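Below you'll find the structure, written out as structure tokens, and then a few comments.
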Amino acid sequence: MSRDARLYPLRQPHINPHDDAVWNWAQNAQIGSRHQVRRPASEADLQQLLRQTQDQVRVIGSKLSPGRMLHVSENDLLLDLSALSGVLTSDENSVTFGGSTPLHRVYSILTSMGRMLGSSPGVIAVQTLAGAMTTGTHGQGLQQSSLADEALRIRMVLADGSLREFVRGENDFAAAQVTLGALGIVTAVTLHTEPFRIFTCHKYAVSADTLEQDLLHWNESYPLSKAWWFVDDNVMHVWNAHQASESDRQRYEQQGRQVLLHAETGDDSLNDTIDQTLAHMHRDTQIQGKGGKQFRTVTRFRDFTDVTGDIYQLFCRGIAVPQINVEIGVPLANTPAIIRKIKSWYAQNRPHMHYPIILRCTGASSAWLSPAYEHPTCFLALWFITPMTAHCHRMACIF
Ligand SMILES: Cc1cc2nc3c(=O)[nH]c(=O)nc-3n(C[C@H](O)[C@H](O)[C@H](O)COP(=O)(O)OP(=O)(O)OC[C@H]3O[C@@H](n4cnc5c(N)ncnc54)[C@H](O)[C@@H]3O)c2cc1C
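Per this note's numbering: the sequence shown ends with 518, consecutive numbering throughout.
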């Protein structure tokens with residue numbers, strides 16, 4: 120397979136810790152050099168730095184986005200804002216976090232307070248709050264939208280070093296929610312919180328014959344829904360979740376808030392599809408042996424059972440290895456027609472798909488730059504895993 124090295128740069132398998140280079144998370148793009156990095160100790164330090172510098176300034180969060188998104192050149196300053204992290208204030212219905220707080224800390228702090236966010240999480244939680252918000256990071260479910268839609272106040276240091284607090288309800292708040300880092304540097308975010316709830320997730324394997332209608336039905340019937348489309352096998356794996364019953368909630372609490380499995384023996388109806396997918400992945404990646412981290416996400420679909428747990432335990436499961444990820448957001452209303460087109464393209468071309476298409480729908484976002492701006496949206500994620508390339512980016516920002 121021929122690859123455009125600019126679009127699909129190779130992963131650097133071994134990075135020398137003493138090297139001057141700063142790499143993105145996937146280790147396939149150099150973001151800059153260590154001597155360019157500044158780490159202001161406080162918001163006031165950051166203001167001072169911006170007043171003094173004549174150079175361009177780029178902010179790095181957890182560096183998950185592709186390196187070229189930052190467009191760093193040699194004279195730019197790279198800002199590491201890890202000092203601006205943690206809880207700043209809280210009240211009954213909101214918590215203010217430093218912009219660089221990792222999402223897993225946001226989630227665990229809220230859980231310890233008996234609170235949660237209205238937005239459902241994405242698959243990982245290593246992003247910084249500001250980095251995830253500025254790119255429109257989202258999970259699944261029509262009754263909610265992106266993380267940025269949970270913001271009540273967004274505090275930024277602007278290019279001239281001045282401070283600006285954007286408050287929900289103001290005319291330009293929607294510009295500050297998703298900015299791709301271009302409007303200012305986010306130092307603090309006040310998030311709306313809701314009472315902590317427990318969910319039960321039902322898992323199925325069904326035919327994709329009626330996916331056009333089923334996808335809408337699942338999303339209208341359940342507050343949280345996520346589906347994997349194994350196109351080669353015409354099979355869907357579906358997770359539909361709703362708030363847990365009181366008895367399931369009690370059982371979950373009694374076992375120390377560990378995820379509750381609803382059956383001792385899992386449902387094996389997806390196992391043949393998993394075996395076939397793994398065989399394709401082994402062949403395509405030329406990675407031998409079944410234990411490779413590359414295959415973990417698919418392997419865990421074997422012998423599935425319904426589960427009860429908190430929203431982060433159920434949906435924020437992590438990703439074992441860097442992968443090429445293209446996610447495309449389309450208006451929900453157009454999704455059945457798009458699914459029909461994918462089916463007919465597949466029938467005509469018989470392309471080889473070694474990974475399922477992931478379908479997650481969200482409600483409308485109020486953020487001007489969100490792909491879900493003003494309309495419910497279906498995100499189709501196409502993933503590719505190879506031993507040599509490692510690249511993950513968000514086409515959704517572009518659509
Ligand atoms: C394995 C993987 C899984 C993912 N899963 C999902 C998912 O399920 N759902 C989803 O929607 N997305 C997902 N993403 C996308 C991910 O959420 C975004 O790439 C996010 O931007 C990463 O946050 P970060 O802290 O690494 O930001 P970075 O990648 O470091 O930065 C992203 C952008 O934010 C800007 N920025 C960072 N901090 C600040 C700040 N303080 N102020 C202003 N601008 C700032 C940067 O300049 C840059 O433009 C995934 C990505 C990967 C690699």
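Think of the CB as a built atom: it goes at the ideal place given N, C-alpha and C, for glycine as much as any other residue. Everything numeric in this text was worked out from a predicted model, so none of it was measured.
Go ahead and label T208 buried or exposed: buried means 16 or more other beta carbons lie within 10 angstroms of its beta carbon, across all protein chains shown. For the purposes of this step, residue 208 is taken as residue 89 along the sequence shown, with counting starting at 1. Exposed is the call here.
query: Excluding the five sequence neighbours on either side, which residues of its own chain have a C-beta within less than 8 Å of the C-beta of D139, listed in chain order?
result: Here the question's residue 139 lines up with position 20 in the sequence shown. Correct list, in chain order: S152, R153 and H154.
**Prompt:** What's the gap between the Cα of S326 and the Cα of M472?
**Reply:** What you label residue 326 is simply residue 207 of the sequence shown in a count that begins at 1. What you label residue 472 is simply residue 353 of the sequence shown in a count that begins at 1. When rounded, the distance between both Cα atoms is 17 Å.
Helix, strand or coil for R316? Go by DSSP, reduced to three states.
To locate residue 316, count along the sequence shown from 1; it is residue 197. DSSP places R316 in coil when its eight states are reduced to three.
**Prompt:** So, is R274 buried or exposed, given that buried needs 16 or more other C-beta atoms within 10 angstroms?
**Reply:** For the purposes of this step, residue 274 is identified with residue 155 of the sequence shown, where counting begins at 1. Its Cβ being crowded by 16 or more others within 10 Å, R274 is buried.
Checklist entry - How is I179 classed by DSSP in three states: helix, strand or coil? => result Numbered from its first residue, the sequence shown carries residue 179 at position 60. I179: strand per DSSP, three-state reduction.
query = Rounded to the nearest angstrom, how far is the Cβ of Q332 from that of T481, given a contact under 8 Å?
reply = Counted from its first residue, the sequence shown places residue 332 at position 213. Counted from its first residue, the sequence shown places residue 481 at position 362. In fact, because the Cβ distance is near 19 Å, the residues do not count as touching under 8 Å.
Exercise. Could you give the uninterrupted runs of the beta strand (DSSP E) lying entirely in the region 420 to 481, keeping only those of 3 residues or more?
Worked result: 426 to 429, 443 to 450 and 476 to 481
request  = Specify whether the region 190 to 204 and the region 271 to 289 touch according to this definition: at least 3 beta carbon pairs, one from each stretch, less than 8 Å apart.
outcome  = no
Backbone CA spacing between V178 and P342 [nearest angstrom]
Residue 178 sits at position 59 when you count from the first residue of the sequence shown. Residue 342 sits at position 223 when you count from the first residue of the sequence shown. Approximately 34 Å between the Cα atoms of the pair.
Report task. Identify, in the order they occur along the chain, each residue of the same chain with its Cβ nearer than 6 Å to the Cβ of A346, setting aside the five sequence neighbours on each side. Result -> Start at 1 with the first residue of the sequence shown, and residue 346 comes out as number 227. The answer, listed in chain order, is M355, V357 and L478.
Review point. Shortest alpha-carbon distance to G250 belongs to which of D210, L229, Q296 and T230?
Key: Sequence index remark: in the sequence shown, residue 250 carries index 131 (1-based). It is Q296 whose Cα lies nearest to the Cα of G250.
Quiz item: Which class does H137 belong to by DSSP, given the choice of helix, strand or coil?
Solution: Reading the sequence shown from its first residue, position 18 is the one you call residue 137. Three-state DSSP puts H137 in coil, outside helix and strand.
inquiry  = Nearest by alpha-carbon distance to L200: which of A483, F349 and E162 is it?
reply    = Translated into positions along the sequence shown, residue 200 becomes position 81. Cα-wise, what sits closest to L200 is E162.
- Message: Pop quiz: L222 and L248 are said to be a contact at Cβ under 8 Å. What is the actual Cβ separation, rounded to whole angstroms?
- Response: Counting from 1 along the sequence shown, the entry for residue 222 is found at position 103. Counting from 1 along the sequence shown, the entry for residue 248 is found at position 129. About 6 Å; that satisfies the 8 Å criterion.
With H, G and I counted as helix, E and B as strand and the rest as coil, what does DSSP make of A232? Against the sequence shown, residue 232 aligns to sequence position 113. According to the sequence shown, residue 232 is Met rather than Ala. Three-state DSSP puts M232 in coil, outside helix and strand.
TODO: Report, in whole angstroms, the separation of the C-beta atoms of I317 and G428, which I expect to be a contact under 8 Å.
DONE: Taking the first residue of the sequence shown as position 1, residue 317 is located at position 198. Taking the first residue of the sequence shown as position 1, residue 428 is located at position 309. With a Cβ gap of about 7 Å, I317 and G428 count as contacting.
Next on the checklist: Looking only at its chain, what residues have a beta carbon closer than 6 Å to the beta carbon of V350, apart from the 5 residues adjacent to it on each side?
Outcome noted: Within the sequence shown, the letter at position 231 stands for residue 350. Hits under 6 Å: Y465 and M472.
Cβ-Cβ distance between S192 and A486 below 8 Å:
Along the sequence shown, read from residue 1 onward, the residue named residue 192 stands at position 73. Along the sequence shown, read from residue 1 onward, the residue named residue 486 stands at position 367. Contact: no.
Q: Rounded to whole angstroms, what's the CA-CA distance from Q131 to W144? Just pull it up for me.
A: Taking the sequence shown and counting its residues from 1, the one referred to as residue 131 is at position 12. Taking the sequence shown and counting its residues from 1, the one referred to as residue 144 is at position 25. Cα to Cα, the separation comes out at about 11 Å.
(message) Going by C-alpha to C-alpha distance, which of D387, C320 and L196 sits closest to D367?
(response) Translated into positions along the sequence shown, residue 367 becomes position 248. Ranking the options by Cα distance to D367, first place goes to C320.
Across which residues does DSSP place S326 in a beta bridge pair? The residue you call residue 326 lines up with position 207 of the sequence shown. Paired residue(s): V354.
### Task
In angstroms with no decimal places, state the Cα-to-Cα distance between G448 and S489.
In the sequence shown, the residue the question calls residue 448 occupies position 329. In the sequence shown, the residue the question calls residue 489 occupies position 370. If you take the alpha carbons of G448 and S489, they lie about 9 Å apart.
* Asked: With respect to the beta strand (DSSP E) encompassing Q173, which residues constitute its N-terminal and C-terminal limits?
  -> On the sequence shown, position 54 is the one that residue 173 refers to. Careful: Q173 lies outside any beta strand (DSSP E) and carries neither H nor E.
* Is any heavy atom of ligand 1 found at a distance shorter than 7 Å from the C-beta of G241? -> The count along the sequence shown starts at 1 and reaches residue 241 at position 122. Result yes, Cβ under 7 Å from ligand 1.
So, are the CB atoms of A267 and G280 less than 8 Å apart? Within the sequence shown, residue 267 is the residue found at index 148, counting from 1. Within the sequence shown, residue 280 is the residue found at index 161, counting from 1. No, Cβ-Cβ distance for A267 and G280 is not below 8 Å.
Using DSSP with H/G/I as helix, E/B as strand and the rest coil, what is V308? As a first step, residue 308 must be located in the sequence shown, where it is residue number 189. Three-state result, V308: strand.
| request: Would you check whether ligand 1 has a heavy atom nearer than 7 Å to the C-beta of Q246? | output: For the purposes of this step, residue 246 is identified with residue 127 of the sequence shown, where counting begins at 1. Checking every heavy atom of ligand 1 against the Cβ of Q246, one is found closer than 7 Å.
Handout entry: Same chain, Cβ closer than 6 Å to I458, neighbours up to 5 away in sequence not counted
Key = Taking the first residue of the sequence shown as position 1, residue 458 is located at position 339. These residues qualify, in order along the chain: L330 and E331.
| request: Could you say if the region 212 to 220 and the region 238 to 248 meet the contact criterion of at least three C-beta pairs nearer than 8 Å? | output: yes
Subject >> Supposed contact pair F420 and L389 - C-beta distance, whole angstroms, cut 8 Å >> reply: Here residue 389 refers to the residue found at position 270 of the sequence shown. Here residue 420 refers to the residue found at position 301 of the sequence shown. 6 Å between Cβ atoms; contact.
Inset, instruction - Work out the CA separation of T496 and L236 for me, nearest whole Å. - result: Translated into the one-based positions of the sequence shown, residue 236 becomes position 117. Translated into the one-based positions of the sequence shown, residue 496 becomes position 377. Spanning the two alpha carbons is a distance of roughly 20 Å.
- Rank E365, T253, Q149 and E339 by C-alpha distance to the C-alpha of A293 and give the top, closest one. In the sequence shown, counting from the first residue as 1, residue 293 sits at position 174. Checking every option, the nearest Cα to that of A293 belongs to T253.
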